[in-house]
Amino acid sequence: PKQELTTLLLPRDTRALHKHECEILPSCVYEVVVKPLDFISTLKRVYHVPDCVNSLCSCFHEKFLPSIRTNASISSDHLVVNWTLGEYSRHALPDDVSLDYITITVRRGLNEDLHWGGQESSKKSFNLPVASAGGFQFNVADFQGNKTIFLVHAALYDSRRCFTEAPPVRVFLSVKDSRPDAIPSEEAVAADSRAIKATAIALGVLILLGVFVSATVNIRRKRKLRRVKQNWPKVVASENHHIASIPMEENRLYVEKEIEEARARGDADMLEVAHTCLRIGREIGKGAFGRVFMASAVNIAGCPDPLIVAVKQLKKSSKTDAFDEFLDEIAMMKRVGRHPNIVTLLGCCTIKEPLTMIMEYIGCGDLLEYLRKVRFKHEARTAAQKSEGSSSTTANPIDSTSLQRSTSNQSEITVFGSTIKYLDIGHASSNSDASY
């Protein structure tokens, strides 16, 4: 009977075809299972991935190849490379794998500062038969370039083109041997001599030209000045007259902003004022580290009106010790605060130099001068009374002992009316003094 055949194309819709891709590892065994939707029948195939496909091998056995070690020596003529192979087990390699050849590659680098020599100027490579040890000699003259660094690479290949390589070896050609033609020829010496002469001549011409231009400019300048003197002598005299420097003042807004920022940082307190608040007057005292002036201050101590104060300023060139002692004195006066018998600290300038201490001004001066004035007036009054024959005399209110102590004390005591005020102005020193 006639056999009926049915042809079925799967899948009917090619758009439903799904291609699954996965990583295939060499030398592995994969089982491929195909199951239809009805699960009636199953198709299985076992696939063994070969080590080499289209002459491309996995080289999973590289770790079992023998290691190779190299060393090299170089002279002005030859570069000698020696190698040795390590031990290995032949049974650890596949049956179709055998050691094939050894490749020795030498390249001449362009940069001695780089460990890999930089780009190469020339390279030579040779394949040698496999042996447990051996050597090969290269001719240095065959390598183009003038650098002294040579890099040697050695690798062992098997029949599958899998390989193991030795660490690269660097060798350097001595500077003497790297330039066998270091002794210049007579032609080179003559060419260098001509170049030096030409350079010297050009340099001399440039120097003469510069001198000529400079002299010409100076002559023209003198001629112009001579004409100006003849025509406008008053103008020349005014130009030669010394012009005093214009006093510069700081912008008060910027200074006040700096003080506010310093207060916010904790570097200053409410006693900090700007130098622009002071109008310095005459000098009223002088100390080891600075001078004392009478001054007029505005917006200080809560008083918007001008206030007469005494200002003590530290010299700008003072040493670090004086700088620290001045700041310590300001800090101590802040701790003392207000007292009826101590001159009050009204403000200070510590953010910018010169460091300044603003004190209460005492109009009667120091106690010693005040007592001398009182004694002079008393002696004059006593003499007048004696001359008039008056029998009534007034006791001398001045004690010589207290006067002597006031003279020897390094701190000044000032008096205002009947109030004695104590202050260490104008006599600060580096010695520790327990005056306060």
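Residue numbering for the sequence shown follows our numbering, beginning at 317 and increasing consecutively.
Note that beta-carbon positions come from the ideal geometry of N, C-alpha and C, so glycine has one too.
*Check the C-beta distance from Thr754 over to Ala482 and give it rounded, since I have them as a contact under 8 Å.*
A query on residue 754 cannot be resolved here, the shown segment of the chain reaching from 317 to 752 and no further.
*Is Glu641 helix, strand or coil by DSSP?*
For the purposes of this step, residue 641 is taken as residue 325 along the sequence shown, with counting starting at 1. In this structure, Glu641 counts as helix in the three-state DSSP scheme.
*Looking at Phe380 and Leu341, is the spacing between their C-beta atoms short of 8 Å?*
Mapped onto the sequence shown, residue 341 falls at position 25. Mapped onto the sequence shown, residue 380 falls at position 64. It is not a contact, given that the beta carbons lie outside the stated cut-off.
*Give me the Cα-Cα distance between Leu271 and Arg476, rounded to the nearest whole angstrom.*
Absent from the structure is residue 271, since the part of the chain shown begins at 317 and ends at 752.
*Could you pull out every residue in the same chain whose Cβ sits closer than 6 Å to the Cβ of Met649, ignoring the five residues on either side in sequence?*
Along the sequence shown, read from residue 1 onward, the residue named residue 649 stands at position 333. Leu661.
*Quick one: give me the first and last residue of the beta strand (DSSP E) that Thr358 is part of.*
Taking the sequence shown and counting its residues from 1, one reaches residue 358 at position 42. Segment: none, Thr358 is in no beta strand (DSSP E) and carries neither H nor E.
*In its own chain, which residues sit with a C-beta less than 7 Å from the C-beta of Pro754, not counting the 5 before and 5 after it?*
This structure cannot settle anything about residue 754, because the visible part of the chain is limited to 317 through 752.
_Buried versus exposed call for Gln460 [16 or more other C-beta atoms within 10 Å across all chains shown]_ = Your numbering for residue 460 matches position 144 in the sequence shown. Using a 10 angstroms sphere on the CB of Gln460, the tally of other CB atoms stays under 16, which defines it as exposed.
*How would you label Val365, buried or exposed, when you count the other beta carbons within 10 angstroms and need 16 or more for buried?*
Here residue 365 refers to the residue found at position 49 when the sequence shown is read from its first residue. Burial call: exposed.
*Alpha carbon to alpha carbon, what distance is there between Asp367 and Ala388?*
Taking the sequence shown and counting its residues from 1, the one referred to as residue 388 is at position 72. Taking the sequence shown and counting its residues from 1, the one referred to as residue 367 is at position 51. Looking at the two C-alpha atoms, the distance is approximately 36 Å.
*Please report how far the alpha carbon of Ile736 lies from the alpha carbon of Ala700, in whole angstroms.*
As a working mapping, residue 736 is identified with position 420 in the sequence shown. As a working mapping, residue 700 is identified with position 384 in the sequence shown. Answer to the nearest angstrom: the Cα atoms are 29 Å apart.
_Taking its Cβ as the centre, do 16 or more other Cβ atoms sit within 10 Å of Asp393, making it buried, or is it exposed?_
Numbered from its first residue, the sequence shown carries residue 393 at position 77. The residue is exposed, with fewer than 16 neighbouring Cβ atoms inside 10 Å.
*asked:* Could you give the first and the last residue of the continuous alpha helix (DSSP H) run that contains Leu683?
replied: Within the sequence shown, numbered from 1, the residue matching residue 683 stands at position 367. First-last of the alpha helix (DSSP H) with Leu683: 683-703.
*Which residues bound the beta strand (DSSP E) around Ala471?*
On the sequence shown, residue 471 is found 155 positions in, with the first residue counted as 1. DSSP places Ala471 in the uninterrupted beta strand (DSSP E) bounded by 465-474.
*asked:* Please identify the residue among Val527, Lys632, Ser391 whose C-alpha is closest to the C-alpha of Asn455.
replied: Numbered from 1 along the sequence shown, position 139 holds the residue referred to as residue 455. Check the Cα spacing between Asn455 and each of Val527, Lys632, Ser391: the tightest is with Ser391.
*Around the C-beta of Cys344, are 16 or more other C-beta atoms found within 10 angstroms, so that it is buried, or is it exposed?*
Position 28 of the sequence shown, counting from 1, holds the residue named residue 344. Looking at its Cβ environment, which holds fewer than 16 other Cβ atoms inside 10 Å, Cys344 is exposed.
*From the DSSP output, in three-state form, read off Glu403 for me.*
The count along the sequence shown starts at 1 and reaches residue 403 at position 87. In the three-state DSSP reduction, Glu403 falls in the coil class, being neither helix nor strand.
*Option nearest Met610 by Cα separation, candidates Gly618, Gly601, Gly597*: Taking the first residue of the sequence shown as position 1, residue 610 is located at position 294. The shortest C-alpha separation from Met610 is found at Gly597.
*Hey, could you find the ends of the beta strand (DSSP E) Arg423 is sitting in?*
Working through the sequence shown from its first residue, we reach residue 423 at position 107. Segment 415-425, the beta strand (DSSP E) holding Arg423.
_Whole-angstrom distance between Tyr363 and Lys351, CA atom to CA atom_ = In the sequence shown, the residue the question calls residue 351 occupies position 35. In the sequence shown, the residue the question calls residue 363 occupies position 47. In a straight line, the C-alpha of Lys351 is about 17 Å away from that of Tyr363.
*Look at Val690 and Met675 and say whether their C-beta atoms are less than 8 Å apart.*
Here residue 690 corresponds to residue number 374 of the sequence shown, with the count starting at 1. Here residue 675 corresponds to residue number 359 of the sequence shown, with the count starting at 1. Not closer than 8 Å, so no.
*According to DSSP, which residues form a beta bridge with Gly606?*
As a working mapping, residue 606 is identified with position 290 in the sequence shown. According to DSSP, Gly606 shares a beta bridge with Leu630.
*asked:* With H, G and I counted as helix, E and B as strand and the rest as coil, what does DSSP make of Val505?
replied: Translated into the one-based positions of the sequence shown, residue 505 becomes position 189. Assignment of Val505 by DSSP, reduced to helix, strand and coil, places it in the helix class.
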